[in-house]
Each structure stands twice: as structure tokens, then as C-alpha cells.
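A.B. asks: Below: one structure in C-alpha cells.
Numbering (this note's numbering), first residue to last: 7 to 344.
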């Protein structure tokens, strides 16, 4: 999971040949930096030969003051740093990469169990949602994938359709009276009528090659693909319009899976871990980590496969629910700061 080490400064030497290798340019930059610190960029000619001018860029956008760049409003994650160097009628392009990190360490939470509800122990839960007094669930595995509506108190499946055996169903969410459901590796999602479960249309993914988790923020659909990214989709065109990358103050978080939008933050389950990340959807900062260790055994499951993989939120009554793959229970929990 750790792509990068803690804050260090490195020296990347980029050789630019011109006039018989006369010029050797060196680009100095930090490899990682927290976004509350000013970023400083410089280019030096190794042999102190004259440079006429330099234009610096972050992600292709020109910056004015390279001596102290305010990066507080940038999204976290990988950034492309470049410089166009002008000298003796020539110009050369230098490139480097920097990772922007969160300012603060994430807050750690434990939990209290408020209620327990029955859950189908054969349901390989991939997506989980609360809506108007019911749970809606997407279950996976080839030949066993379903979309279902479930009675909360009894766990009874009130409505269900089977997904074509060529698809492994993944995350789902409900928005504007439509159900949106992902599939894993077929690069395809589905849109259903909320009441009838009738398939209305399908859509293809863009840059995100797989489907994992899905939620929405009342404006955009938010999708994970098993990496460190959350993708924001237009709910009408279903095109990926932007993304964030999820980082703490020290490192990246990968394998983002099932999602739920809660009080302006995205709650993200990590594949094969019984924990939830609380992510700022504006810049990708991981602001909290919820330790749910112990719930898996209470749901009579062990092992890497049948772990936590369902998060649902009742906004009206401020209730948070979690379950997992083949768990026999849904837990209503309350988060408690450690």
C-alpha cells in the first residue's frame, strides 16, 4: 500500500542534450509534501551556464511564483511538475512527480453496537444501501449475482432479480429514483427502475477499468475501481468527469471498495480489511479510520474472502449500518473516537 516514504527531498538529474551535451539541467523538488507547506521549485544548470528564463507548471497549469507555491487548495496525490527552460534560443522541457499529502493524521474510531438485524448468510454482499425504510443490496459471484430489496427487521428478501451469469455484480446506489449497479471486470454498469427493478439502460466505464463501490453526493455518482481513486460520474451521461486520490498525511490508501456518503464525507471500505476510511471528497484527505475488528466473528465468518463489505446510512434517523460477505447479521453501529 505504501507507494511513497515520509517527507524527504530528492535530487532528480535530467540530462538535456544541445550543442554537444553542453547543457545539463538539474531539477530540484521534494518527492512528498503536506499541502499546508509551501512548495518550492528550481532548475539549475550544472555548469553554471546562463539560463534566459524558466516557466513552471503543475499538472500543465502555469504557476507564477515558483519560490513559494501555495498548494493548500490542490487535490492530494500524484502531481506532474514540469518546467520549460529557455536558453540561447533553445528550449527544453523537464518533468518530475510530486505527491501531495494530507495535513493531519486521521482520527481513529472504535464502535458501539446499537442494534443487530438478520442478514442472508448466503449473500456475497458487494453493495449495500438504506432507502425509505428498506435495505437494497447487490450481491456478487458469477452465476449468483443479484439485486434485491430487503426488509430490515426480518432480513426477508422482498424483491430480487438475478444478474446474467456473465457478470459479477459489485457496488450499487440509489439516486433520483434509479438504481445504479456496477459489475466487476466487464466494464459495464446498469441502471434500473427503483420500483420494478426493470433494466432501463447500461453504460460503459471510462478510465476506471473495473467496478467496485458506488455511492452519490446528491449531485454526482462516486465510484471506486479497486485503486486509490474515487471517480465522479455525471448521473445523466454516466461519464467520468473527475477523480480524487486518497491519502493520509503519510501514505496512499489502495483497494477502495464499498462506499457510502455520510454527512459530507465518503465512507470507504478497504478490500479484505474490517475497517472504514472517512474521506474528504473535495481533496481526498483521509480524515478518519474506523476499526471494526470483531464484527466479522460476531457475524460467524472468518478469513479474507468474507470480510466487511457493506455500508448503509439512514440520514433521516442518523443510523449507520454495516455488514459483510455472507455475514448472518447487519449491525447498526455508533462511532466512538479512540
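From the three backbone atoms N, C-alpha and C, an ideal C-beta is built for every residue, glycine too. Remember, predicted model here, so these are calculated numbers, not experimental data.
Helix, strand or coil for residue 144? Go by DSSP, reduced to three states.
C.D. replies: It is a strand residue.
A.B. asks: Contact defined as beta carbons within less than 8 Å: I believe residue 189 pairs with residue 222. What is the distance between those atoms, to the nearest angstrom?
C.D. replies: 18 Å between Cβ atoms; not a contact.
A.B. asks: Does the contact criterion of 3 or more C-beta pairs under 8 Å hold for the region 99-110 versus the region 143-163?
C.D. replies: no
A.B. asks: Give me, in chain order, the residues of the same chain whose beta-carbon lies closer than 7 Å to that of residue 210; leave out the 5 immediate sequence neighbours on both sides.
C.D. replies: 193 and 194
A.B. asks: On the DSSP letters alone, give me the boundaries of the alpha helix (DSSP H) that residue 304 sits inside.
C.D. replies: First-last of the alpha helix (DSSP H) with residue 304: 301-304.
A.B. asks: Between the Cα of residue 121 and the Cα atoms of 342, 341, 336 and 344, which residue gives the shortest distance?
C.D. replies: The residue among 342, 341, 336 and 344 with its C-alpha nearest the C-alpha of residue 121 is 336.
A.B. asks: Who are the near neighbours of residue 99 in its chain, counting only those whose CB is closer than 7 Å to its CB and skipping five residues on each side?
C.D. replies: 88 and 90
A.B. asks: Identify, in the order they occur along the chain, each residue of the same chain with its Cβ nearer than 7 Å to the Cβ of residue 155, setting aside the five sequence neighbours on each side.
C.D. replies: 140, 142, 164 and 165
A.B. asks: Should residue 80 and residue 72 be called a contact, given that it needs their Cβ atoms to be closer than 8 Å?
C.D. replies: no
A.B. asks: State the Cα-Cα distance for the pair residue 225 and residue 64, rounded to the nearest angstrom.
C.D. replies: Answer to the nearest angstrom: the Cα atoms are 28 Å apart.
A.B. asks: Go ahead and pull the three-state DSSP assignment for residue 36.
C.D. replies: strand
A.B. asks: Need the endpoints of the beta strand (DSSP E) that residue 243 sits in, please.
C.D. replies: Note, residue 243: premise wrong, no beta strand (DSSP E); not H, not E.
A.B. asks: Under a three-way DSSP split, which group does residue 119 fall into?
C.D. replies: strand
A.B. asks: Would you mind reading off the limits of the beta strand (DSSP E) that contains residue 168?
C.D. replies: 163-168
A.B. asks: State the Cα-Cα distance for the pair residue 264 and residue 95, rounded to the nearest angstrom.
C.D. replies: Cα-Cα distance, rounded: 54 Å.
A.B. asks: Rounded to whole angstroms, what's the CA-CA distance from residue 86 to residue 102? Just pull it up for me.
C.D. replies: 6 Å
A.B. asks: Starting from residue 230, follow the beta strand (DSSP E) in both directions and report where the run begins and ends.
C.D. replies: Unbroken beta strand (DSSP E) run through residue 230: 227-230.
A.B. asks: At 3 residues or longer, what runs of the beta strand (DSSP E) sit wholly inside the region 277-335?
C.D. replies: Qualifying beta strand (DSSP E) stretches, in chain order: 281-285, 292-297, 314-320 and 325-330.
A.B. asks: Can you find the residues in the same chain that come closer than 8 Å, C-beta to C-beta, to residue 44, ignoring five residues on each side of it along the sequence?
C.D. replies: 74, 75, 76 and 77
A.B. asks: Could you tell me the distance, in whole angstroms, from the CA atom of residue 286 to the CA atom of residue 93?
C.D. replies: Cα to Cα, the separation comes out at about 43 Å.
A.B. asks: So residue 89 is in the beta strand (DSSP E); what residue range does that whole segment cover?
C.D. replies: 83-93
A.B. asks: Apart from the five residues just before and just after residue 244, which ones in its own chain have a Cβ nearer than 6 Å to its Cβ?
C.D. replies: Counting only Cβ-Cβ distances below 6 Å, and skipping sequence neighbours, we find 209.
A.B. asks: At the level of alpha carbons, what is the spacing between residue 68 and residue 47?
C.D. replies: Computed Cα separation, rounded: 13 Å.
A.B. asks: Hey, would you say residue 176 sits closer than 8 Å to residue 213, going by beta carbons?
C.D. replies: no
A.B. asks: Just to confirm the assignment, what range does the beta strand (DSSP E) spanning residue 136 have?
C.D. replies: 131-137
A.B. asks: Measure the C-alpha to C-alpha separation of residue 116 and residue 300 and round it to an integer number of angstroms.
C.D. replies: 11 Å
A.B. asks: Leaving out five residues before and five after residue 42 in sequence, what residues of the same chain have Cβ atoms less than 8 Å from its Cβ?
C.D. replies: 78 and 109
A.B. asks: Taking the straight line between their C-alpha atoms, what separation do you get for residue 131 and residue 97?
C.D. replies: 56 Å
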